[in-house]
Amino acid sequence: MKRSMAIFAVFALAVAAVPLAGDNYLLQQATFVAMYCALALSWNLIGGYAGYPSFATAAFVGLGAYAGALLQNAGLPMVAAWVGATLITAAFAALLGYGLLRMKGHYFAVGSISIVEVLRLVASSWAGLTGGGEGLNVPIMPGGPEFAGRVFLYAMWAVMLLAFASAVWVDRSRLGFGLRCIEQNEDAADMVGVPVTRYKTAAFTLSALFCGTVGAISASWVSYIAPTDAFSILLTLKVPVMVLLGGPGSLLGPVIGAASFVLIEQTVWSRFLDYNQAALGLVIVLLIFFLPGGVLGRLRWRAKPAVQPGAAPAAGSAP
Amino acid sequence: MSAPLLQVQGLTKRFGGVAAVNQVSFDLAPGRIVGLIGPNGAGKTTLVNLITGVHRADSGSLQFEGRDVTQQRPFEAACRGLSRTFQIVQPFPRMSVLDNVTAGALFAGKAASPAQARADAMAQLRFVGLQALADRPAASLTLPSRKRLELAKSLAMRPRLLLLDEVNAGLNSAEIGAAIELIRAIAAQGITVLLIEHLMKVVFSLCDDLLVLHHGELIAQGSPQAVAADPKVIEAYLGTKYAERMRA
Numbered sequence: 001m002k003r004s005m006a007i008f009a010v011f012a013l014a015v016a017a018v019p020l021a022g023d024n025y026l027l028q029q030a031t032f033v034a035m036y037c038a039l040a041l042s043w044n045l046i047g048g049y050a051g052y053p054s055f056a057t058a059a060f061v062g063l064g065a066y067a068g069a070l071l072q073n074a075g076l077p078m079v080a081a082w083v084g085a086t087l088i089t090a091a092f093a094a095l096l097g098y099g100l101l102r103m104k105g106h107y108f109a110v111g112s113i114s115i116v117e118v119l120r121l122v123a124s125s126w127a128g129l130t131g132g133g134e135g136l137n138v139p140i141m142p143g144g145p146e147f148a149g150r151v152f153l154y155a156m157w158a159v160m161l162l163a164f165a166s167a168v169w170v171d172r173s174r175l176g177f178g179l180r181c182i183e184q185n186e187d188a189a190d191m192v193g194v195p196v197t198r199y200k201t202a203a204f205t206l207s208a209l210f211c212g213t214v215g216a217i218s219a220s221w222v223s224y225i226a227p228t229d230a231f232s233i234l235l236t237l238k239v240p241v242m243v244l245l246g247g248p249g250s251l252l253g254p255v256i257g258a259a260s261f262v263l264i265e266q267t268v269w270s271r272f273l274d275y276n277q278a279a280l281g282l283v284i285v286l287l288i289f290f291l292p293g294g295v296l297g298r299l300r301w302r303a304k305p306a307v308q309p310g311a312a313p314a315a316g317s318a319p
Numbered sequence: 320m321s322a323p324l325l326q327v328q329g330l331t332k333r334f335g336g337v338a339a340v341n342q343v344s345f346d347l348a349p350g351r352i353v354g355l356i357g358p359n360g361a362g363k364t365t366l367v368n369l370i371t372g373v374h375r376a377d378s379g380s381l382q383f384e385g386r387d388v389t390q391q392r393p394f395e396a397a398c399r400g401l402s403r404t405f406q407i408v409q410p411f412p413r414m415s416v417l418d419n420v421t422a423g424a425l426f427a428g429k430a431a432s433p434a435q436a437r438a439d440a441m442a443q444l445r446f447v448g449l450q451a452l453a454d455r456p457a458a459s460l461t462l463p464s465r466k467r468l469e470l471a472k473s474l475a476m477r478p479r480l481l482l483l484d485e486v487n488a489g490l491n492s493a494e495i496g497a498a499i500e501l502i503r504a505i506a507a508q509g510i511t512v513l514l515i516e517h518l519m520k521v522v523f524s525l526c527d528d529l530l531v532l533h534h535g536e537l538i539a540q541g542s543p544q545a546v547a548a549d550p551k552v553i554e555a556y557l558g559t560k561y562a563e564r565m566r567a
């Protein structure tokens, strides 16, 4: 736990120091790394700890983007709009989770991905509010692109820190223990007194919270949103892949996964412009076959071999 | 006699057209070891499921410590002090043995913190004799050890009433002897025990009272001697040979 926090601190400082390099491309990539870290850390709460494979990430990001854009267009200051979008998204997730979390496994996965589609259709049909397929313009931040680039990097960076802090809190708390129990055996968790419905809803809401913030920030960043970009199916798939790549159910896994995913995306995928979605499919398949516990799971497995089932217990091995 | 810990009144549960538990009423006095016996399919596990909120009763009522708990859900039952073991044990397979028990101490046992829960859990592991396996994944345990783990988990939940569903099934006679001692030690802590059991040796050496279910109905209750002499019980469950042996 302490080591994870130290490693994360070094990583966060490195991301924060990127503007010193004075390279705009690097700055943009660092912003993406911070953004995906925040999303992956959030997803890990429901997908990793509780074991509910949610594909609703893009629904929350998109909702946050629209809520933030509408609030900003209504005259709210940018940061206030971000906070408002965060709260709206969390409230939506809490209500949605109460119904959606009755489903398990594949059913939950399909149910959650349908939320992305439903919201996308709402956004493109409700032209009076959302501008429909034409999208919405968001006020451009004054101060020039270079200044704006830094502001959005530090905004995403701050969300990443908040997401990590909430993950640390969950990891140490009763909630985190309860979620791990639910992941292993939901009925048995119920039997030992875990308030299963409440805990799952809490995890789902927490997992949506910072997605809403990220959505609102990126709406301000690109200053234009449209339904297909805001509710992106590709994003909803990418984030779980990142967590699986790093190691689900751990503190550092999502961070490692998100950072290395952005790296892979930039170095390899830009060379396969036409086939990058096929490459994503390939990464998923390879992950399932070779890294079921993610990078971290692999490292741990090397460090400490799994206990052989049925082996005689070493006398006096109790702590 | 003190006020009953658990009052069951006219409890009924139907699955389709079959009444798995039919109009069952009884009181459990605190501090006793009560055996629940009956042939296979008599409704014993269903009755335990009704008492712990796994199933909802179609009619009838349940009172625990004077409070109506007929509509409770499993986690509420666990938090009130009604804990149980399963006939088919249900561990958290990839968690360590210690963490499995810690879960019981942390939630139903209402430990103040995860650290406190861990300490309580270790004490229970010592009590059931599993302390040497504390760090093993639960899935790696043998059947007798899993049953002990299940017991340690239930005890960590600080129960007032412990329902044991065939904790001795599948154990050999030496292991059964140890299990009987363990159940006695649990009762000595002041925990009321309701025991589903098929082994008459265990039932007669351990239980203060017996409840006999047959086709979902309670056909007899009372001391083991009285129940063993009851012609209805002999016909439905014990058989004449066994009853004669008991009388001898």
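Those protein sequence lines, which keep their order, are chains A and B.
Using this note's numbering, you'd call the opening residue of the first sequence number 1 and step up by one each time.
Using this note's numbering, you'd call the opening residue of the second sequence number 320 and step up by one each time.
Don't be surprised by glycine CBs; every beta carbon is placed ideally from N, CA and C.
Item: Beta-carbon neighbours of residue 427 of chain B, restricted to chain A and to distances below 8 Å; Value: 192, 193
Item: The alpha helix (DSSP H) enclosing residue 466 of chain B, as first and last residue numbers; Value: 462-475
Item: Residue-level contact to chain D via CB, residue 423 of chain B, 8 Å cutoff; Value: Any reference to chain D falls outside this structure, whose protein chains are A and B.
Item: Residue 414 of chain B: contacting residues in chain A (beta-carbon distance under 9 Å); Value: 180, 181, 184
Item: Pair within 8 Å by beta-carbon distance, residue 460 of chain B and residue 440 of chain B; Value: no
Item: Cβ-based burial, residue 267 of chain A [other Cβ within 10 Å; buried from 16]; Value: exposed
Item: Beta-carbon neighbours of residue 102 of chain A, restricted to chain B and to distances below 7 Å; Value: The contacting residues do not exist; residue 102 of chain A stays about 14 Å from chain B at best.
Item: Residue-chain proximity (residue 305 of chain A, chain B), Cβ-Cβ < 8 Å; Value: Low confidence applies to residue 305 of chain A: its pLDDT is 41, below 50, so where it sits in the model is not reliable, and the reading given next is rough at best. It does not: the Cβ of residue 305 of chain A has no partner Cβ on chain B nearer than 8 Å.
Item: Contact with chain B by residue 171 of chain A, beta-carbon distance below 8 Å; Value: no
Item: Alpha-carbon spacing of residue 563 of chain B relative to residue 546 of chain B, whole angstroms; Value: 13 Å
Item: Burial state of residue 1 of chain A (16 or more Cβ within 10 Å); Value: exposed
Item: Cut-off 8 Å between Cβ atoms - residues of its own chain near residue 214 of chain A, not counting five sequence neighbours on either side; Value: 35, 38, 39, 61, 64, 156, 159
Item: Cβ of residue 409 of chain B within 8 Å of any chain A Cβ; Value: yes
Item: Simplified DSSP assignment, three categories, for residue 29 of chain A; Value: helix
Item: Amino acids of chain B, ordered along the chain, whose beta-carbon sits closer than 7 Å to that of residue 196 of chain A; Value: 394
Item: Runs of beta strand (DSSP E) wholly within the stretch 324-379 of chain B (minimum 3 residues, chain order); Value: 325-334, 337-347, 352-356
Item: Spatial neighbours of residue 9 of chain A in its chain, beta-carbon cut-off 8 Å, leaving aside the 5 residues before and after; Value: none
Item: Secondary structure of residue 456 of chain B, DSSP reduced to three states; Value: strand
Item: Closer than 8 Å to chain B by CB, residue 167 of chain A; Value: no
Item: Residue(s) in a DSSP beta bridge with residue 481 of chain B; Value: B:402, B:512
Item: Extent of the continuous beta strand (DSSP E) run through residue 540 of chain B; Value: 536-541
Item: Residue environment, residue 244 of chain A, which counts as buried when at least 16 other CB atoms sit within 10 Å; Value: buried
Item: Closer than 7 Å at the beta carbon, the chain A residues around residue 397 of chain B; Value: 191, 192, 193
Item: Separation of residue 102 of chain A from residue 208 of chain A, as counted between CA atoms; Value: 18 Å
Item: Selection of the stretch 433-445 of chain B by Cβ proximity to chain A, strictly under 9 Å; Value: 433, 436, 441, 444, 445
Item: Three-state class that DSSP yields for residue 137 of chain A in the structure shown; Value: strand
Item: Test item: CB-CB of residue 408 of chain B and residue 526 of chain B under 8 Å; Value: no
Item: N- and C-terminal bounds of the alpha helix (DSSP H) containing residue 106 of chain A; Value: 105-125
Item: Residues that residue 188 of chain A contacts on chain B, provided the C-beta gap is smaller than 8 Å; Value: 409, 410, 411
Item: Proximal residues to residue 433 of chain B (C-beta, below 8 Å), its chain only, five neighbours per side dropped; Value: 421, 425
Item: Residue from A:227, A:221, A:288 with nearest C-alpha to residue 140 of chain A; Value: A:221
Item: Below-8 Å beta-carbon distance, residue 177 of chain A vs any chain B residue; Value: yes
Item: Chain-ordered neighbours of residue 174 of chain A on chain B, where CB pairs are closer than 8 Å; Value: 425, 426, 433
Item: Under 8 Å between C-beta atoms of residue 58 of chain A and residue 225 of chain A; Value: no
Item: Cross-chain neighbours of residue 472 of chain B in chain A, by beta carbon under 8 Å; Value: 192
Item: contact_flag[the stretch 115-127 of chain A, the stretch 195-212 of chain A] where n(CB pairs < 8 Å) is 3 or more; Value: no
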